[in-house]
Amino acid sequence: MRRLITIPISHFCEKARWALERAGLDYREERHVQGIHQLAARRAGGGETVPVLVAEDGVHAESEDILRYADRHLAPEERLFPEDDGEVVALARSFDEGLGPEGRRVMYARMFPQRELLLRCNNQGVPRWEDRVLRVAWPLVTRILARALDITEEGVGRDTERVRRTFDEVAERLSDGRPHLCGERFTAADLTFAALAAPAIVPPEYGVSLPQPDELPAELGELVRGFRAHPAGAYALSLYRTERRRKVLDRGNP
482 MRRLITIPIS HFCEKARWAL ERAGLDYREE RHVQGIHQLA ARRAGGGETV
532 PVLVAEDGVH AESEDILRYA DRHLAPEERL FPEDDGEVVA LARSFDEGLG
582 PEGRRVMYAR MFPQRELLLR CNNQGVPRWE DRVLRVAWPL VTRILARALD
632 ITEEGVGRDT ERVRRTFDEV AERLSDGRPH LCGERFTAAD LTFAALAAPA
682 IVPPEYGVSL PQPDELPAEL GELVRGFRAH PAGAYALSLY RTERRRKVLD
732 RGNP
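Quick note on numbering: the sequence shown equals residues 482 to 735 in our numbering.
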């Protein structure tokens, strides 16, 4: 059985889950909390980040590598990376480098004060002892995470505007009527955008349960509604409804 090492709420891990499930590949998801995930990733043969996929052909320690692994189990016309994939790769990597960390900082910064709500969605399916450790060490963990992810008061507004700018660029790309970001076909660029936009739009079809706008603090709920109403946010939500092919898989947790 393939093993996927994750942080449950991580949008990079969602990117990997989506690709594996889209390809109809069974896997066992092993979920961990922040900090402890580094030990689990190294133990599985990866580095210090997740997702890490342990498969029959070795260890895949980057989300793009996991998408390419999933592609090898699909017919050419269904793959996320077409033969001439230069534009797809460039766009997907731009989301990895920009939208991914920026969206993560925007959501973490606003959710840190909401301890119980954040822990409820963050700790889904993790081992009980990890849940207890994170709850006890919460003040220390938030300080470490803020430093590690470069979350600052001044930076939150800047990151929010950067996420909005990326949404504007995606909407502009789609404004010529094309059905997907790189043309007629759903590719790794579309999947990557939708997965990494998740902190801004909290899609109901996400791989774990996320708090919906009415459950969030009023200001954050309004921010999410605004991103959902944006043409790019609406596009990402539509991809979750039409392309996020969920299957009943063995998702046993440690």
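Beta carbons are placed, not taken as given, at the ideal position from N, Cα and C, and that holds for glycine. Being a predicted model, the structure only gives us computed values, none of them experimental.
Apply the 10 Å Cβ neighbour rule to residue i and answer buried if 16 or more other Cβ atoms are within range, or exposed otherwise.
| i | result |
| --- | --- |
| V617 | exposed |
| T633 | exposed |
| D640 | buried |
| A669 | buried |
| S719 | exposed |
| G539 | exposed |
| R560 | buried |
| W499 | buried |
| A717 | buried |
| D657 | exposed |
| E642 | exposed |
| T647 | buried |
| I490 | buried |
| E578 | exposed |
In its own chain, which residues sit with a C-beta less than 8 Å from the C-beta of residue i, not counting the 5 before and 5 after it?
| i | result |
| --- | --- |
| T623 | F593 |
| F562 | L548, R549, D552, V569, V570, T668 and A669 |
| L598 | M592, P692, E696 and L697 |
Run through DSSP, which three-state label would residue i get?
| i | result |
| --- | --- |
| E597 | helix |
| H711 | coil |
| L701 | helix |
| R659 | coil |
| A652 | helix |
| T668 | coil |
| H518 | helix |
| R483 | coil |
| E510 | strand |
| A573 | helix |
| N734 | With a pLDDT of 40 at N734, under the threshold of 50, the predicted position of this residue should be treated as unreliable, though the coordinate-derived value follows. Coil at N734, not helix or strand. |
| V533 | strand |
| G528 | coil |
| G638 | helix |
To the nearest whole angstrom, what separates the beta carbons of residue i and residue j, a pair I think is in contact under 8 Å?
| i | j | result |
| --- | --- | --- |
| R706 | P698 | Not confirmed; about 13 Å, so no contact. |
| L485 | A551 | In fact, because the Cβ distance is near 11 Å, the residues do not count as touching under 8 Å. |
| R547 | V514 | Reading the sequence as shown, one finds Ile at residue 547 and not Arg. No, I547 and V514 are not in contact; Cβ-Cβ is about 21 Å, not under 8 Å. |
| R512 | V607 | 5 Å |
| E583 | C663 | 22 Å between Cβ atoms; not a contact. |
| G688 | E495 | 5 Å |
| R596 | L630 | R596 to L630, Cβ: 17 Å. No contact. |
| G714 | A678 | 7 Å |
Counting only the same chain and skipping the five closest in sequence on each side, list residues whose C-beta sits under 7 Å from that of residue i.
| i | result |
| --- | --- |
| Y690 | According to the sequence provided, residue 690 is Ser. The question's Tyr does not apply to it. Only C602 and Q605 meet the Cβ criterion. |
| A497 | L485, P532, L534, S544 and I547 |
May I have the straight-line CA-CA distance separating residue i from residue j, to the nearest angstrom?
| i | j | result |
| --- | --- | --- |
| A675 | V531 | 18 Å |
| R666 | P557 | 12 Å |
| L655 | A627 | 34 Å |
| E537 | F576 | 29 Å |
| H518 | F493 | 13 Å |
| E529 | E653 | 36 Å |
| A504 | T673 | 15 Å |
| A681 | R659 | 23 Å |
| F708 | R645 | 8 Å |
| L621 | L600 | 14 Å |
| M588 | E703 | 13 Å |
Looking only at its chain, what residues have a beta carbon closer than 6 Å to the beta carbon of residue i, apart from the 5 residues adjacent to it on each side?
| i | result |
| --- | --- |
| V533 | I486, A522, A525, G527 and A542 |
| V535 | R484 and A525 |
| D612 | N604 |
| R591 | L701 |
| V637 | A590 |
| A573 | A669, A670 and T673 |
| H661 | F667 and D671 |
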